[in-house]
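For the record, the sequence lines run as chains A and B.
Following numbering that gives the first Met the number 0, the numbering of the first sequence begins with 0 at its first residue and continues without gaps.
Following numbering that gives the first Met the number 0, the numbering of the second sequence begins with 0 at its first residue and continues without gaps.
What follows is one structure encoded as structure tokens, with my remarks underneath.
Protein chains: 2
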Amino acid sequence: MARMVFDEWAGSYADRMHDIRRSAVRDLFAAASRSDVISLSGGMPEISQLPLDLVARAMAAAIEEEGVQALQYGVATGRIQTRKLVCELVRDFDIEARPENVIITSGAQQALDLLAKTFINPGDPIITEAPTYVGALQAFSQYQPEMHGIPLDDEGMRIDLLEEELDRLGTRKPKFIYTIPNFHNPAGVTMTLERRRRLVEISRERGILLIEDDPYGRLRYAGEPIACMRSMDENVVYLGTVSKVFAPGTRTGWIIAPVPILDKVNLCKQGTDLCGSTLDQVTVEHYFHDTPWRETNERLRQAYAERRQAMLDALEEFFPPEATWTRPDGGFFLWVTLPRYVDTNQMLPLALDQGVTYVPGAGCYPDGGGDSSMRLAFCYESPENIREAIRRLALVIEDRMELYRAFIKAGAIEE
Amino acid sequence: MARMVFDEWAGSYADRMHDIRRSAVRDLFAAASRSDVISLSGGMPEISQLPLDLVARAMAAAIEEEGVQALQYGVATGRIQTRKLVCELVRDFDIEARPENVIITSGAQQALDLLAKTFINPGDPIITEAPTYVGALQAFSQYQPEMHGIPLDDEGMRIDLLEEELDRLGTRKPKFIYTIPNFHNPAGVTMTLERRRRLVEISRERGILLIEDDPYGRLRYAGEPIACMRSMDENVVYLGTVSKVFAPGTRTGWIIAPVPILDKVNLCKQGTDLCGSTLDQVTVEHYFHDTPWRETNERLRQAYAERRQAMLDALEEFFPPEATWTRPDGGFFLWVTLPRYVDTNQMLPLALDQGVTYVPGAGCYPDGGGDSSMRLAFCYESPENIREAIRRLALVIEDRMELYRAFIKAGAIEE
Chain A
0 MARMVFDEWA GSYADRMHDI RRSAVRDLFA AASRSDVISL SGGMPEISQL PLDLVARAMA
60 AAIEEEGVQA LQYGVATGRI QTRKLVCELV RDFDIEARPE NVIITSGAQQ ALDLLAKTFI
120 NPGDPIITEA PTYVGALQAF SQYQPEMHGI PLDDEGMRID LLEEELDRLG TRKPKFIYTI
180 PNFHNPAGVT MTLERRRRLV EISRERGILL IEDDPYGRLR YAGEPIACMR SMDENVVYLG
240 TVSKVFAPGT RTGWIIAPVP ILDKVNLCKQ GTDLCGSTLD QVTVEHYFHD TPWRETNERL
300 RQAYAERRQA MLDALEEFFP PEATWTRPDG GFFLWVTLPR YVDTNQMLPL ALDQGVTYVP
360 GAGCYPDGGG DSSMRLAFCY ESPENIREAI RRLALVIEDR MELYRAFIKA GAIEE
Chain B
0 MARMVFDEWA GSYADRMHDI RRSAVRDLFA AASRSDVISL SGGMPEISQL PLDLVARAMA
60 AAIEEEGVQA LQYGVATGRI QTRKLVCELV RDFDIEARPE NVIITSGAQQ ALDLLAKTFI
120 NPGDPIITEA PTYVGALQAF SQYQPEMHGI PLDDEGMRID LLEEELDRLG TRKPKFIYTI
180 PNFHNPAGVT MTLERRRRLV EISRERGILL IEDDPYGRLR YAGEPIACMR SMDENVVYLG
240 TVSKVFAPGT RTGWIIAPVP ILDKVNLCKQ GTDLCGSTLD QVTVEHYFHD TPWRETNERL
300 RQAYAERRQA MLDALEEFFP PEATWTRPDG GFFLWVTLPR YVDTNQMLPL ALDQGVTYVP
360 GAGCYPDGGG DSSMRLAFCY ESPENIREAI RRLALVIEDR MELYRAFIKA GAIEE
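What follows is the structure, given as structure tokens:
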């Protein structure tokens with residue numbers, strides 16, 4: 000669809016089309032499928048580790064036992080059986096929820112869209128982390144909010160800076176605060192317990208909705224689990240998904256929220272797609288009820304842990320001393336910061352030439368920044384491929400740095 | 000979710016939540032599942048006629064042959080295999096389309112949402128038929144357009160009234176004209192070839208996007224097929240779905256449109272749900288490639304034709320002479336008009352007491368009207384149940400009419 004075509008409707012599109020974000024990640028999909036390219040860009044889970052024979056059997060059971068229901072329209076909130084399953088699953092995180100507090104969404108991405116649709120008028124302030132999940136920026140930007148990014152450090156969102164920003168906004172109360180506390184995408188950091196508690200307090204004190212996005216909660220490779228914020232306060236809106244534990248191809252995510260909010264979200268869901276895929280929901284139910292999913296998750300966890308280690312080792316071995324990176328305790332990503340004169344957007348074509356993709360940092364910022372940073376995904380490639388990709392990427396970076404050092408020496412640019 | 004709960008976020012919702020439509024159809028789902036209720040409300044296809052054993056086999060094949068792809072993230076546009084399948088399927092309607100002209104959506108409902116998202120600013124005029132599909136009103140109302148309804152007659156949209164309305168709007172050109180030419184939902188009428196040609200001309204002459212929604216195209220029970228408008232002009236945006244031919248539980252619909260429009264729609268799709276269900280798409284591919292779907296469709300067509308006839312016969316037998324109704328050549332619905340002093344919204348609880356549901360007409364109008372009309376679905380219940388439901392409904396109507404006649408006689412209301 001990149002073909003240039005005269006667009007006779009150019010004057011007809013809604014204003015939001017000027018604000019809507021393109022995703023560098025999505026645009027990289029095509030490149031990433033070239034067989035000589037090692038992808039450190041996409042957050043694709045390792046499907047080949049799933050017990051496909053058991054999945055096939057679960058699906059056959061779904062059709063045999065509930066074929067008519069599995070193929071018929073469902074309700075917008077999602078099947079009661081699926082919502083009950085979600086209530087069971089989140090009990091592992093000390094979340095108490097009833098099915099009426101759950102709506103099933105088409106992946107957690109649709110949860111972001113529906114929440115934005117429910118709350119955002121053009122120009123409304125909202126708070127995200129900076130950097131934040133590029134798909135969240137895409138979802139939110141469709142509703143034209145004023146996005147305020149709060150910087151992260153190794154302990155997660157800088158709560159002191161959040162409070163400063165909220166004070167600055169004064170009576171312009173943000174519609175919500177969006178955070179990814181566990182194994183942040185893209186930053187790879189995890190919010191400390193102390194900051195989580197404080198964030199919940201701030202949300203309560205100031206009456207600002209808190210959205211906790213937790214796609215990677217079951218993929219911890221180091222350290223001890225930290226309580227999620229929804230377990231501290233029922234008013235926190237909690238998002239989950241099967242995408243990283245089972246299969247993103249079954250678009251099954253969820254919102255856990257207070258009933259009045261879900262009533263509004265449900266109205267939006269009806270207008271958006273009537274209902275999610277019943278077939279997906281029945282398949283998910285059977286996967287979690289009929290297969291040893293905890294064992295599978297443990298196997299996936301070990302595979303990802305090994306890949307994370309391979310990436311950390313390779314970074315240590317190959318990357319220049321000027322580069323720094325985060326050391327994630329879980330999830331799929333880590334975040335590399337290069338000297339500020341290296342532009343990771345400009346460098347991407349050179350990396351592609353060398354057969355490596357990554358996500359340039361700038362696209363992950365709600366309001367500018369991140370030009371010399373990048374997100375690296377360790378979830379998708381083998382440890383060997385990861386090492387090779389980091390080796391290649393290090394060469395590209397060294398080249399770039401040499402060029403810039405020459406410019407600096409010549410006085411053409413400032414350090 | 001109907002429980003009354005204090006809503007502390009009441010002041011936080013987006014303005015669109017005031018305009019968004021509730022669907023009486025969706026609210027009737029709960030009632031319709033009572034075992035003593037015969038549902039003439041929902042447009043649910045007859046899943047039990049599908050060859051479930053073949054569907055189960057198709058799904059098992061999907062996982063066995065393409066498990067890793069079927070469970071992984073896909074691209075926002077939909078699998079190339081699914082888009083090619085759509086191109087093959089629509090050739091039956093003389094539509095020439097290439098895969099780049101197709102985007103797979105989560106049912107045709109998502110197509111409506113994405114097109115509205117792409118084109119509508121709050122206050123923009125759009126044109127629909129009056130009455131029109133209640134889900135289209137839900138989708139469009141989320142983006143706060145000014146909806147202008149064009150009346151229908153037995154030959155479809157009143158093109159003369161459309162031209163008058165466009166003239167009245169003057170320079171305020173509508174963002175699009177939305178029409179359901181075949182076996183209209185809810186009206187049950189079909190647009191004549193002459194009017195289709197004229198509508199395409201108007202769209203061209205005035206530069207207004209034309210959206211042709213065709214979910215029931217393969218379900219004709221009488222008369223000869225009429226050319227679809229997309230076969231007359233490549234600029235017509237055409238919507239289709241497998242919901243009525245295969246299974247709505249696999250949320251698989253499509254938009255066929257010019258490339259520049261799809262490029263924008265694709266951006267919205269990314270923000271809305273990243274991608275549709277790959278599992279659904281693979282299942283749909285296998286259903287159409289590996290099962291004798293044309294035979295199945297023929298069996299479904301005959302079953303629906305029989306139900307339509309049962310409803311027409313029962314209406315003739317039981318309904319009062321003051322009632323009129325349409326005689327659809329296909330699809331799922333017909334439209335009943337009662338004397339204007341009968342309010343079908345007020346009558347619904349009485350019908351429910353008698354164990355019958357229908358869709359009150361008022362909810363199907365973009366800008367008022369339809370208070371004494373109703374949509375009856377003949378797709379879902381057996382011929383026997385349909386006859387019984389119409390008998391019960393006739394009694395409820397007679398009761399209502401008697402009451403009103405007494406009021407009129409007493410001079411309390413005007414005829």
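C-beta atoms are modelled at their ideal positions from N, C-alpha and C, and glycine is treated no differently.
Computed from a predicted structure; not experimentally measured.
Whether residue i touches residue j by CB criterion (8 Å)
i	j	result
residue 257 (chain B)	residue 72 (chain A)	no
residue 47 (chain A)	residue 67 (chain B)	yes
residue 141 (chain A)	residue 260 (chain A)	no
residue 207 (chain A)	residue 173 (chain A)	yes
residue 377 (chain A)	residue 331 (chain A)	yes
residue 395 (chain B)	residue 349 (chain B)	yes
residue 249 (chain A)	residue 279 (chain A)	yes
residue 342 (chain B)	residue 370 (chain B)	yes
residue 94 (chain A)	residue 255 (chain A)	yes
residue 149 (chain B)	residue 192 (chain B)	no
residue 187 (chain A)	residue 325 (chain A)	yes
As assigned by DSSP and simplified to three states, the class of residue i
i	result
residue 277 (chain A)	helix
residue 322 (chain B)	coil
residue 374 (chain B)	strand
residue 428 (chain A)	The shown model of chain A, from 0 to 414, leaves out residue 428 (chain A), and the question about it has no answer.
residue 410 (chain B)	coil
residue 91 (chain B)	helix
residue 295 (chain B)	helix
residue 219 (chain B)	strand
residue 212 (chain A)	strand
residue 145 (chain B)	strand
residue 101 (chain A)	strand
residue 177 (chain B)	strand
residue 1 (chain A)	Unreliable placement is indicated for residue 1 (chain A), whose pLDDT of 44 sits below 50; no coordinate value is reported for it.
residue 329 (chain A)	strand
residue 198 (chain B)	helix
residue 11 (chain B)	coil
residue 77 (chain A)	coil
Beta bridge counterpart(s) of residue i as assigned by DSSP
i	result
residue 156 (chain A)	A:151
residue 40 (chain A)	Paired residue(s): none; residue 40 (chain A) is not in a bridge.
residue 340 (chain B)	Note: residue 340 (chain B) sits in no beta bridge, so no partner.
residue 129 (chain A)	A:150
residue 237 (chain B)	B:211, B:255
residue 359 (chain A)	A:373
residue 124 (chain A)	A:145
Sequence-distant residues of its chain with Cβ nearer than 8 Å to residue i (five each side left out)
i	result
residue 273 (chain A)	72, 75
residue 88 (chain B)	239, 287
residue 147 (chain B)	124, 125, 126, 127, 164, 168, 173, 365, 366
residue 300 (chain A)	217, 218, 219, 220
residue 306 (chain B)	377, 378, 380, 381, 382, 385
Contacting residues, own chain, Cβ-Cβ under 6 Å from residue i (five flanking each side not counted)
i	result
residue 210 (chain A)	175, 177, 236
residue 14 (chain B)	none
residue 139 (chain B)	115
Burial state of residue i, where buried means 16 or more other Cβ atoms lie within 10 Å
i	result
residue 408 (chain B)	exposed
residue 79 (chain A)	exposed
residue 412 (chain A)	exposed
residue 221 (chain A)	exposed
residue 82 (chain A)	buried
residue 130 (chain B)	buried
residue 269 (chain A)	buried
residue 345 (chain B)	exposed
residue 170 (chain B)	exposed
residue 185 (chain B)	buried
residue 277 (chain A)	buried
residue 323 (chain B)	exposed
Residues near residue i by beta carbon distance below 7 Å, same chain, minus five either side
i	result
residue 328 (chain B)	182, 189, 219, 220, 221, 222
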